[in-house]
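Trainee: The structure follows.
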Amino acid sequence: MAKTRAFITLARPHQYIKNGFIFLPIFFAHRLFDYHYFTQTCWVFVVFCLGASSTYAFNDIFDIEADRHHPTKKHRPLAAGILEKREAFLFAGLLLSASVVITFFKLGPLLLICLGAYIFLTYLYTTLLKNYAIIDITAIAIGFIIRVFSGGLASDVWPSHWLIIMTYLLSLFLALAKRRDDLILVARGHKVRYNINNYNLEFVSSSMLIMAAVIIVCYILYTVSPEVVSLHNTNNLYLTTFWVILGLLRYMQITFVYHKSGSPTDIVLKDRFINFVIILWFLTILAMLYYPKQ
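Now the structure itself:
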């Protein structure tokens, strides 16, 4: 039973929330309730979750020594000695094989290329890119963009430039917040990633403020752009900016005041304020997109 729990922990199912970006194209294309496209998008979500878990296992194998010196990562199954490297390699291989086979038979070659690109980028990040400042957070952002394009292929929708830009900016913002948490750990005497010396609090904090400002401006421009108003048959999307600003302010409070931005996934899953804002944003925009006033 302990081994089973260890394998589940190694797979990090709580991180699957990141693959929610796969559903953005179908949502904004007014196809969320189309059975065929929704089913295809769900399959993409499944294979990306399997693929992501394989990369998490590989990452833990590669970072096992560094994780043993980290205040929280030292409890991971490999770093804690609960699982052996051989077991983790086998587990990662099985997950990767499952994701590739399902994609090939259920989704086709284009999505297999997207999945392959995502997995390759993630492995490259683990072994090389995370050691280079700025390049590391850019790689993370590109990973989210690949998710969006994959969701677009599943729902037969080409993601708009607005969706790509917003995904890129938000991903950079979250990655910078995570780096800031790393810097706080270093200040407390903990050893973290190798490239952290090429960041400092002033640079990361300033970059986060810039990203937050650009996200807000970009989102407002999106909501009032003529093509978006025409596409969604509503000129009230700007009202959802209220939730976006609240969410960003809360995230910056968690980052700058509480110094707890090390895990964006945990924040999204556990912070009630963020939960409240996301739910209200979703319900508000759902009502406007799918039940517009005629």
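Residue numbers for the sequence shown follow the working numbering, beginning at 6 and rising by one.
Every residue, glycine too, gets a C-beta built ideally from N, C-alpha and C.
Quick caveat, the model's predicted, so the values are computed rather than measured.
Taking contact to mean at least 3 C-beta pairs separated by less than 8 Å, is the segment 175 to 186 in contact with the segment 135 to 142?
Mentor: yes
Trainee: Who are the Cβ neighbours of SER210 in its own chain at under 6 Å, not counting the five residues just before and after it?
Mentor: Sequence index remark: in the sequence shown, residue 210 carries index 205 (1-based). Within the same chain, SER210 has no close Cβ partners at all.
Trainee: Just list the alpha helix (DSSP H) runs in the segment 217 to 288, keeping only unbroken ones of 4 residues or longer that don't cross its boundaries, in chain order.
Mentor: Runs found: 231 to 237, 246 to 261 and 269 to 275.
Trainee: Let me confirm a value: CYS304 is counted as buried when at least 16 other C-beta atoms fall within 10 Å, else exposed. Which label applies?
Mentor: Lying before the first or after the last residue shown, residue 304 is absent from the chain, which here runs from 6 to 299.
Trainee: Count the other CB atoms, across all protein chains shown, that sit within 10 Å of the CB of PRO164; report buried if there are 16 or more and exposed otherwise.
Mentor: As a first step, residue 164 is located in the sequence shown; it is residue number 159 there, counting from the start. Looking at its Cβ environment, which holds 16 or more other Cβ atoms inside 10 Å, PRO164 is buried.
Trainee: Find the nearest neighbour of ARG81 within the set ASN280, ALA159 and THR14, judged by alpha-carbon distance.
Mentor: Counted from its first residue, the sequence shown places residue 81 at position 76. The option with the nearest alpha carbon to ARG81 is THR14.
Trainee: Out of PHE287, ASP161, PHE149 and GLY194, state which residue places its alpha-carbon closest to the alpha-carbon of TYR21.
Mentor: Position 16 of the sequence shown, counted from the start, is the residue given in the question as residue 21. Of the listed residues, the one whose Cα sits closest to TYR21 is PHE149.
Trainee: Ordered along the chain, which non-local residues of its own chain (more than five positions away) have a Cβ less than 7 Å from that of SER176?
Mentor: For the purposes of this step, residue 176 is taken as the residue at position 171 of the sequence shown. Excluding residues within five positions, the ones whose Cβ falls inside 7 Å are ILE145, ALA146 and PHE149.
Trainee: Beta carbon of THR239, beta carbon of MET293: below 8 Å?
Mentor: One-based indexing of the sequence shown puts residue 239 at position 234. One-based indexing of the sequence shown puts residue 293 at position 288. The answer is yes: Cβ separation under 8 Å.
Trainee: Please classify TRP167: does DSSP put it in a helix, a strand, or coil?
Mentor: Mapped onto the sequence shown, residue 167 falls at position 162. Looking at TRP167 - three-state DSSP - the assignment turns out to be helix.
Trainee: Please specify which runs of the alpha helix (DSSP H), each continuous and at least 4 residues long, are wholly inside the segment 82 to 165, giving them in chain order.
Mentor: 90 to 111, 114 to 132 and 140 to 159
Trainee: Can you tell me where the alpha helix (DSSP H) holding ARG302 begins and where it ends?
Mentor: Not covered by the structure: residue 302. The range shown for the chain is 6 to 299.
Trainee: Are LEU117 and THR127 touching if we call contact CB-CB under 8 Å?
Mentor: Counting from one through the sequence shown, the residue named residue 117 turns up at place 112. Counting from one through the sequence shown, the residue named residue 127 turns up at place 122. Contact: no.
Trainee: Between ALA180 and ILE220, what straight-line distance do the alpha-carbon atoms span, to the nearest angstrom?
Mentor: As a first step, residue 180 must be located in the sequence shown, where it is residue number 175. As a first step, residue 220 must be located in the sequence shown, where it is residue number 215. The straight-line gap from Cα to Cα measures roughly 14 Å.
Trainee: Take LEU37 and list the residues in its own chain whose beta-carbon comes closer than 6 Å to its own, dropping the five residues that flank it on each side.
Mentor: Taking the sequence shown and counting its residues from 1, the one referred to as residue 37 is at position 32. Hits under 6 Å: ILE31.
Trainee: Tell me the residue span of the alpha helix (DSSP H) that contains ASN203.
Mentor: Residue 203 sits at position 198 when you count from the first residue of the sequence shown. Per DSSP, ASN203 belongs to no alpha helix (DSSP H) and is neither H nor E.
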